[in-house]
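Asks:
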Amino acid sequence: MVTTVTGGETSAILIRAGRGLEWKVLMVVDSRISGFYKLTREQRARKLAELAGLSDDEIGALANPGRVDMEILDHMIENVVGAMTLPIGIATNFLVDGKDYLIPMAIEEPSVVAAASNAARMARDLGGFTATDTGPLMIAQVQAVGVPTPFAAKQQVLKARDEILSLANAQDPVLVRFGGGAKDLRVRVIDSHIGPMLITELIVDVRDAMGANAVNTMAEAVAPLVERLTGGKVLLRILSNLADLRIVRATATFDKELLGGDEIVDGIIAAWAFAEADPYRCATHNKGIMNGVDAVVIATGNDFRAIEAGAHSYAAVGGYSSLTKYEKRKDGHIIGTIEIPMAVGLVGGATKIHPTARTCVRILGVKTALELGHVIASVGLAQNLAALRALVAEGIQKGHMALHARNVAATAGAKGELIDVIADRLVKEKNVRVERAKEILAELKRD
Ligand code: MEV
């Protein structure tokens, strides 16, 4: 049975399988939740629970991280003594491939969630984001050293392609059953400080997994065969984080009026050109992209170090450059694109085990790792556009200061509504310091 629930201007389509009592969210119909930021934290959680069809346990895992079972965390890594909690904010307004998403972002930095939501709003009426991908292909490397005749050995390995691939696939019949597995092989002779090396690379379709475990197991399994074929010694057997066969490309057009007019549009293009021309600027430019990308990657329990390594190494291929491109259309709107490796998964790892990550995946409502990748790349593009707009317009500090002031007010001991009242005063006085916040708090309490 399918039904639609509506809360304010936003609604979601729910489905109930059989006679069960549990409703599952098919899709959020509209991710524009106006005034979301004005609600209290509890009201926001309730609204989200309603829109994403979250159970009490799921909303508990999100809203009350202290309730997450330490037993689960204890088994994730070694020598566990505690947990580090990050705030999760919901980015709104995202329309990706024609579908609305509420996007959980785990990040400590103020302004990021608001900025992403704002940029998504500017793209929304012009179609939102559309994305494509190259499929979930990971690369595993097998390094052979001391190979007597490397070029002849390369031929030997290529000749044994089918045998190597079937040995790799025998390691993961489940992956193969789902249509994945080792699909191809490539072999390179590279020069190094210790002479030539023969690098055999397995190309593996990892389906909905991040894939590190699957491809590392395969690389280890084929190593003895590679040694026999090459007469060398195999050392490393490990995936490459330069996941350039697992690329997502997203694009969106941003409304010039909403951006602030022609001058801002030209400024954004100039800011992007600066990044393309100068690695010092480009590092910061790409960091701004990763603010958005990492926040969703972390919220969904994925490996943000892998994503960071992939993004920056991909940006460095052919000279360090921007992961985004911007062009001004004839009608004055900006069209932006992003191209980024996206080794994220939905099955296995923290994404499956950690209750908060699981809840975040439910909020997103993504069904495949590729769909998740489309959303993450879109957030990266939105984040970058928002940063460039702020930098060429009012500057980045204004937005930062407003949120920083709230932190300062809370640090000074303010609670509830007093936080906003004091933060406003601090910003107006251009004096965002804890000491001043304490003075204002004392004053307000006296009155
Ligand atoms: C801050 O976390 C990110 C920015 O520095 C990105 C940029 O400069 O493009 C604002």
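To convert, count from 1 in the sequence shown and add 285; that's the working numbering.
Quick reminder that beta carbons are idealized off the backbone N, C-alpha and C, glycines included.
Alpha carbon to alpha carbon, how far is residue 434 from residue 622? Give it in angstroms, no decimals.
Replies: One-based indexing of the sequence shown puts residue 622 at position 337. One-based indexing of the sequence shown puts residue 434 at position 149. Between residue 622 and residue 434, the C-alpha separation is close to 45 Å.
Asks: Tell me whether residue 583, by its Cβ, gets closer than 7 Å to a heavy atom of the ligand MEV.
Replies: The sequence position of residue 583 within the sequence shown is 298, counting from 1. False, no ligand heavy atom lies under 7 Å from that Cβ.
Asks: Distance, Cα to Cα, residue 659 vs residue 620?
Replies: Here residue 659 corresponds to residue number 374 of the sequence shown, with the count starting at 1. Here residue 620 corresponds to residue number 335 of the sequence shown, with the count starting at 1. Spanning the two alpha carbons is a distance of roughly 17 Å.
Asks: Closest to residue 505 by C-alpha separation, out of 448, 427, 446 and 595, would be which residue?
Replies: Taking the first residue of the sequence shown as 1, we reach residue 505 at position 220. Comparing Cα positions, the closest option is 427.
Asks: Between residue 487 and residue 507, is the Cβ-Cβ spacing less than 8 Å?
Replies: Residue mapping note: residue 487 aligns to position 202 of the sequence shown, counting from 1. Residue mapping note: residue 507 aligns to position 222 of the sequence shown, counting from 1. Cβ atoms of residue 487 and residue 507: closer than 8 Å.
Asks: Does the count of Cβ pairs from the segment 625-635 and the segment 593-609 closer than 8 Å reach three?
Replies: Yes: at least three Cβ pairs fall under 8 Å.
Asks: Which parts of the segment 352-397 are runs of the alpha helix (DSSP H), unbroken and 4 residues or longer, counting only runs that do not cross its ends?
Replies: Complete alpha helix (DSSP H) runs here, min 4: 355-359.
Asks: Does the distance from the CB of residue 573 to the CB of residue 668 come in under 8 Å?
Replies: In the sequence shown, the residue the question calls residue 573 occupies position 288. In the sequence shown, the residue the question calls residue 668 occupies position 383. In contact: residue 573 and residue 668 (Cβ atoms closer than 8 Å).
Asks: Who are the Cβ neighbours of residue 414 in its own chain at under 6 Å, not counting the five residues just before and after it?
Replies: Here residue 414 refers to the residue found at position 129 of the sequence shown. The answer, listed in chain order, is 381, 535, 537 and 663.
Asks: Find the nearest neighbour of residue 673 within the set 364, 552 and 466, judged by alpha-carbon distance.
Replies: What you label residue 673 is simply residue 388 of the sequence shown in a count that begins at 1. Cα-wise, what sits closest to residue 673 is 552.
Asks: When DSSP labels each residue in this structure, what does residue 520 get in the three-state scheme?
Replies: The residue you call residue 520 lines up with position 235 of the sequence shown. Residue 520: strand per DSSP, three-state reduction.
Asks: By DSSP's criteria, residue 416 is part of a beta bridge. Which residues make up the other side?
Replies: The residue you call residue 416 lines up with position 131 of the sequence shown. In DSSP, residue 416 forms a bridge with 535.
Asks: Starting from residue 628, follow the alpha helix (DSSP H) in both directions and report where the run begins and ends.
Replies: Looking up residue 628 in the sequence shown gives position 343. No alpha helix (DSSP H) contains residue 628, which DSSP labels as neither H nor E.
Asks: Per DSSP, what kind of secondary structure is residue 430 in: helix, strand or coil?
Replies: Within the sequence shown, residue 430 is the residue found at index 145, counting from 1. Of the three classes helix, strand and coil, the one that applies to residue 430 here is strand, per DSSP.
Asks: Below 7 Å CB to CB, which residues in the same chain sit around residue 358 once its five sequence neighbours on both sides are set aside?
Replies: Working through the sequence shown from its first residue, we reach residue 358 at position 73. These residues qualify, in order along the chain: 365 and 368.
Asks: For the beta strand (DSSP E) that contains residue 610, what are its first and last residues?
Replies: The sequence position of residue 610 within the sequence shown is 325, counting from 1. Looking at the DSSP string, the run of the beta strand (DSSP E) that includes residue 610 is 609-613.
Asks: Any heavy atom of the ligand MEV inside 7 Å of the beta-carbon of residue 374?
Replies: Translated into the one-based positions of the sequence shown, residue 374 becomes position 89. Residue 374 Cβ: outside cutoff for every heavy atom of the ligand MEV.
Asks: So, do the segment 373-390 and the segment 520-532 have three or more beta carbon pairs nearer to each other than 8 Å?
Replies: The answer is no - the segment 520-532 does not touch the segment 373-390, with fewer than three Cβ pairs under 8 Å.
Asks: The beta strand (DSSP E) with residue 572 in it runs from where to where?
Replies: In the sequence shown, residue 572 corresponds to position 287, counting from 1. Run containing residue 572: none in the beta strand (DSSP E); it sits in the alpha helix (DSSP H), 564-584.
Asks: If you drop the 5 nearest sequence neighbours on each side, which residues of the same chain put their C-beta closer than 6 Å to that of residue 402?
Replies: Stepping through the sequence shown from its first residue, residue 402 is reached at position 117. Hits under 6 Å: 376, 377 and 378.
Asks: Taking the alpha-carbon of residue 498 as reference, which of 591, 448, 469 and 325 has the nearest alpha-carbon?
Replies: Locating residue 498 in the sequence shown gives position 213, counting from the first residue. That would be 591, whose Cα lies nearest to the Cα of residue 498.
Asks: Using a threshold of 8 Å, state whether the C-beta atoms of residue 630 and residue 692 are closer than that.
Replies: Here the question's residue 630 lines up with position 345 in the sequence shown. Here the question's residue 692 lines up with position 407 in the sequence shown. The answer is no: Cβ separation not under 8 Å.
Asks: With DSSP collapsed to three states, give me the class of residue 528.
Replies: Within the sequence shown, residue 528 is the residue found at index 243, counting from 1. Correct three-state label for residue 528: coil.
Asks: To the nearest whole angstrom, what separates the beta carbons of residue 466 and residue 490, a pair I think is in contact under 8 Å?
Replies: Stepping through the sequence shown from its first residue, residue 466 is reached at position 181. Stepping through the sequence shown from its first residue, residue 490 is reached at position 205. At roughly 6 Å, the Cβ-Cβ gap stays under 8 Å, so residue 466 and residue 490 are in contact.
Asks: For residue 494, which residues does DSSP report across the bridge?
Replies: Walking along the sequence shown from the start, residue 494 turns up at place 209. Bridge partners of residue 494: 632.
Asks: To the nearest angstrom, how far is it from the Cα of residue 585 to the Cα of residue 451?
Replies: For the purposes of this step, residue 585 is taken as the residue at position 300 of the sequence shown. For the purposes of this step, residue 451 is taken as the residue at position 166 of the sequence shown. Those two C-alpha atoms are separated by around 33 Å.
Asks: Does at least one heavy atom of the ligand MEV sit under 7 Å from the Cβ of residue 683?
Replies: Position 398 of the sequence shown, counting from 1, holds the residue named residue 683. No - the ligand MEV has no heavy atom lying nearer than 7 Å to the Cβ of residue 683.
Asks: Go to residue 657, then tell me how far its beta strand (DSSP E) extends in each direction, as first and last residue.
Replies: Counting from 1 along the sequence shown, the entry for residue 657 is found at position 372. Here residue 657 belongs to no beta strand (DSSP E); instead the alpha helix (DSSP H) covers 654-677.
Asks: On the DSSP letters alone, give me the boundaries of the beta strand (DSSP E) that residue 469 sits inside.
Replies: As a position in the sequence shown, residue 469 is number 184, starting the count at 1. Segment 466-475, the beta strand (DSSP E) holding residue 469.
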